[in-house]
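**Q** Below: one structure in structure tokens.
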């Protein structure tokens, strides 16, 4: 992905003016600023960092878990009653109070031995990270395209304003000349009115061009976080390079496997397949190794100490859970079908967009060459007059 971005930027940079103003920003400057400030890209980057934590979390479920608990207690017991009649004497009220203390701790260790769902969860986490990688790569490329589009829209708007101002100056002179000719009786008033109408249209076009600059600047600010109008322009002769290979079918076939959105969708299908395995493992038995050490000290009936050490293998076999596991499996299968349909949709879109882009590039090159020839022809015609 980095190579694609470098290649993309290099093609654009090749067309820059050879003498760059010190204060002017080029496309690389603007792109680097957007990498830091564009909220849409920063969201995807933050999601990638969060997804990287999926694997250690999944691995943790297969590692030992150790827990320590401790307790200390004090007990006070009061017993009261009347003693039995002895040797003709009446019984006496008696009260017996006892105090006791106890303390202890318990150390427990559990090591999963057979947990099929956790095994597949680890594999799924690896695929989720790959999906996040492709999403970030797509976001980088999307950012480059958005920055370039906004960058050149600002330049185009500035050129439009310069042209509108030049046209306004020219029509202003024509209007002044028409008024002077009318004052000396050389032209009719309709000529002045036509010149005034042309001047008014040019003035309205200048206002529209100024508004376009403001709008284009706002779009660039949305991406970069600041207003940037002093930008490097293009050379008069921009290199026109045809796609390589020069084969529309080769490009459309390449898009079905290398398009970043297609790659992301393929990872989504793999994740959905793993989810079926995870849910189906709810039918499988589990085995855990358990170890426990406990200690208790009490002075209830004299000082006594008890220490227990215990190890065990615990087998759990699911028999029936109300059909919940089967329901989750069916739901996961439907979600897999959903992702498969989404993958097919994205592949078709990639196929269409690639062919449209290829044809657009070829058509654009032909149009530019035709316009260049038209300029040459116009210059020849101008010199001949």
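In the working numbering, the protein residues as written are 55 to 439. Beta carbons are placed, not taken as given, at the ideal position from N, Cα and C, and that holds for glycine.
#1: Residue 156 bridges to which residues according to DSSP?
#2: Give me, in chain order, the residues of the same chain whose beta-carbon lies closer than 6 Å to that of residue 435; leave out the 5 immediate sequence neighbours on both sides.
#3: Below 8 Å, how does it come out for the segment 302–313 and the segment 403–414: are there three or more Cβ pairs, yes or no?
#4: Could you pull out every unbroken alpha helix (DSSP H) segment of at least 4 residues lying fully inside the segment 218–275, listed in chain order?
#5: Among the residues of its own chain, which have a CB less than 8 Å from the CB of residue 63, if the five just before and after it don't count?
#6: Taking the beta carbon of residue 223 as the centre, do at least 16 other beta carbons fall within 10 Å, making it buried, or is it exposed?
#7: Which residue's Cα is closest to the Cα of residue 132: 114, 153 and 257?
#8: Starting from residue 342, follow its DSSP beta bridges and name the residues at the other end.
#9: List the residues that DSSP assigns as beta-bridge partners of residue 454.
#10: Measuring alpha carbon to alpha carbon, tell me which residue in 172, 247 and 322 is nearest residue 391.
#11: Bridge partners for residue 310 per DSSP, in chain order?
#12: Just curious, the alpha helix (DSSP H) that residue 79 is in, first and last residue?
#13: Any idea which residues DSSP pairs residue 121 with across the strands?
#14: In angstroms, rounded to a whole number, what distance separates the CA positions of residue 420 and residue 431?
#15: Do you know offhand how far residue 371's Cα is from residue 105's?
#16: Among the candidates 232, 166 and 103, whose CA atom is the shortest distance from the CA of residue 344?
#17: Does the beta-carbon of residue 126 have 16 or more other beta-carbons within 10 angstroms, so that it is buried, or is it exposed?
#18: By DSSP, does residue 115 sit in helix, in strand, or in coil?
#19: Roughly how many angstroms lie between the CA atoms of residue 187 and residue 388, to the nearest whole one?
#20: Looking at the strands, I want to know which residues DSSP matches up with residue 151.
#21: When the Cα of residue 256 is compared with those of 244, 277 and 226, which residue comes out closest?
#22: What residues are listed by DSSP as bridge partners for residue 285?
#23: CB residue 211 to CB residue 251, shorter than 8 Å?
#24: Give the single residue among 208, 217, 216 and 179 whose Cα lies nearest to the Cα of residue 273.
#25: Report all residues from its chain with a CB closer than 6 Å to the CB of residue 123; omit the five preceding and five following residues, and keep chain order.
#26: Just to confirm, is the Cβ distance from residue 121 to residue 350 under 8 Å?
#27: May I ask you to verify whether the segment 174–183 touches the segment 106–113, counting CB pairs closer than 8 Å and requiring at least 3?
#28: Just tell me which of 281, 215 and 129 has its CA closest to the CA of residue 258.
#29: Using three-state DSSP, classify residue 297 as helix, strand or coil.
#30: Please confirm if the segment 315–329 is in contact with the segment 361–378, defined as three or more CB-CB distances below 8 Å between the two stretches.
#31: Mind checking which residues open and close the alpha helix (DSSP H) that includes residue 405?
#32: Could you tell me the alpha carbon to alpha carbon distance between residue 368 and residue 401, rounded to whole angstroms?
#33: Alpha carbon to alpha carbon, how far is residue 194 from residue 314?
#34: Within the same chain, show all residues whose beta-carbon is closer than 6 Å to that of residue 352, passing over the 5 residues directly before and after it, in chain order.
**A** According to the data block:
#1: Sequence index remark: in the chain shown, residue 156 carries index 102 (1-based). Bridge partners of residue 156: 127 and 352.
#2: The residue given as residue 435 occupies position 381 in the chain shown. Answer for residue 435: no residue qualifies.
#3: Contact holds between the segment 302–313 and the segment 403–414, because three or more Cβ pairs, one in each stretch, are under 8 Å apart.
#4: none
#5: The residue you call residue 63 lines up with position 9 of the chain shown. Low confidence applies to residue 63: its pLDDT is 47, below 50, so where it sits in the model is not reliable, and the reading given next is rough at best. Correct list, in chain order: 81, 82, 85 and 198.
#6: Along the chain shown, one-based indexing puts residue 223 at 169. It counts as exposed.
#7: To locate residue 132, count along the chain shown from 1; it is residue 78. The candidate whose alpha carbon is nearest that of residue 132 is 153.
#8: By 1-based counting over the chain shown, the position of residue 342 is 288. In DSSP, residue 342 forms a bridge with 166 and 368.
#9: Residue numbering for the chain in the displayed model covers 55 to 439; residue 454 lies beyond these limits and cannot be assessed.
#10: Here residue 391 corresponds to residue number 337 of the chain shown, with the count starting at 1. Nearest C-alpha to residue 391: 322.
#11: One-based indexing of the chain shown puts residue 310 at position 256. Residue 310 pairs with nothing; no bridge assigned.
#12: Here residue 79 refers to the residue found at position 25 of the chain shown. Taken as a continuous stretch (DSSP letters only), residue 79 belongs to no alpha helix (DSSP H), as it is neither H nor E.
#13: The count along the chain shown starts at 1 and reaches residue 121 at position 67. Per DSSP, 162.
#14: Within the chain shown, residue 420 is the residue found at index 366, counting from 1. Within the chain shown, residue 431 is the residue found at index 377, counting from 1. Looking at the two C-alpha atoms, the distance is approximately 17 Å.
#15: Sequence index remark: in the chain shown, residue 371 carries index 317 (1-based). Sequence index remark: in the chain shown, residue 105 carries index 51 (1-based). Whole-angstrom Cα-Cα distance: 33 Å.
#16: As a position in the chain shown, residue 344 is number 290, starting the count at 1. The shortest Cα separation from residue 344 among 232, 166 and 103 belongs to 166.
#17: Sequence index remark: in the chain shown, residue 126 carries index 72 (1-based). When all chains shown are included, residue 126 counts as exposed.
#18: Counted from its first residue, the chain shown places residue 115 at position 61. Residue 115 falls in the coil class under three-state DSSP.
#19: Taking the first residue of the chain shown as 1, we reach residue 187 at position 133. Taking the first residue of the chain shown as 1, we reach residue 388 at position 334. Just so you know, the alpha carbons of residue 187 and residue 388 end up roughly 26 Å apart.
#20: Indexing the chain shown from 1 puts residue 151 at position 97. Partner(s): 132.
#21: Counting from 1 along the chain shown, the entry for residue 256 is found at position 202. Checked all of 244, 277 and 226; the closest Cα to residue 256 is 226.
#22: By 1-based counting over the chain shown, the position of residue 285 is 231. DSSP output for residue 285 lists 79 as bridge partner(s).
#23: Taking the chain shown and counting its residues from 1, the one referred to as residue 211 is at position 157. Taking the chain shown and counting its residues from 1, the one referred to as residue 251 is at position 197. Taking 8 Å as the Cβ cut-off, residue 211 and residue 251 do not qualify as a contacting pair.
#24: Start at 1 with the first residue of the chain shown, and residue 273 comes out as number 219. Of 208, 217, 216 and 179, the smallest CA-CA separation from residue 273 is found for 208.
#25: Position 69 of the chain shown, counted from the first residue, corresponds to residue 123. Taking residue 123 as the centre and dropping the five residues before and after it, the same chain places the C-beta of 160 closer than 6 Å to its C-beta, in chain order.
#26: Looking up residue 121 in the chain shown gives position 67. Looking up residue 350 in the chain shown gives position 296. Taking 8 Å as the Cβ cut-off, residue 121 and residue 350 do not qualify as a contacting pair.
#27: Contact between the segment 174–183 and the segment 106–113 is present, because at least three Cβ pairs lie under 8 Å.
#28: Here residue 258 is taken as the residue at index 204 of the chain shown, counted from 1. That would be 215, whose Cα lies nearest to the Cα of residue 258.
#29: For the purposes of this step, residue 297 is taken as the residue at position 243 of the chain shown. Correct three-state label for residue 297: coil.
#30: no
#31: Translated into the one-based positions of the chain shown, residue 405 becomes position 351. Taken as a continuous stretch (DSSP letters only), the alpha helix (DSSP H) holding residue 405 covers 378–438.
#32: On the chain shown, position 314 is the one that residue 368 refers to. On the chain shown, position 347 is the one that residue 401 refers to. Spanning the two alpha carbons is a distance of roughly 48 Å.
#33: What you label residue 194 is simply residue 140 of the chain shown in a count that begins at 1. What you label residue 314 is simply residue 260 of the chain shown in a count that begins at 1. As the crow flies, the alpha-carbon of residue 194 is around 11 Å from that of residue 314.
#34: Within the chain shown, residue 352 is the residue found at index 298, counting from 1. Same-chain partners within the cutoff: 156 and 358.
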